[in-house]
Amino acid sequence: MVEEMTLDELKQITIDYYVNLQRIKKADTENNPELMYQLKVAKNKLASLGIPTEEFEL
-16 MVEEMTLDEL KQITIDYYVN LQRIKKADTE NNPELMYQLK VAKNKLASLG
34 IPTEEFEL
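Using our numbering, you'd call the opening residue of the sequence shown number -16 and step up by one each time.
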């Protein structure tokens, strides 16, 4: 049986993903276009969920 994810669970998973990408960005000092793209996508997903990203940026 497949359980549906609640909106709160989706928000938390998306926040966790964004924070993990921020950690990678901080550790990676070289220019990484794929990382920057993934951050942009995650930021847009959070915005569509009504979650500001400023407080999660490192």
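Here a beta-carbon is modelled for each residue, glycine too, at the ideal position from N, C-alpha and C.
With a threshold of 6 Å on Cβ separation, who are the neighbours of residue i within its own chain once the five nearest residues in sequence on each side are excluded?
i   : result
L41 : Q5 and K9
Q21 : L4
Do you know offhand how far residue i's Cα is from residue j's?
i   : j     : result
T12 : L18   : 12 Å
K23 : S31   : 12 Å
P35 : E(-8) : 17 Å
E37 : K(-6) : 15 Å
Near residue i, which residues of its chain fall below 8 Å by C-beta distance, leaving aside the five closest residues on each side in sequence?
i      : result
Y0     : A25
M(-12) : I(-4)
Take residue i and list the residues in its own chain whose beta-carbon comes closer than 7 Å to its own, dropping the five residues that flank it on each side.
i   : result
K28 : T(-3)
V2  : F39
Runs of 3 residues minimum, wholly inside the stretch -15 to 21: which ones carry the beta strand (DSSP E) assignment? Within the stretch -15 to 21, no complete beta strand (DSSP E) run reaches 3 residues.
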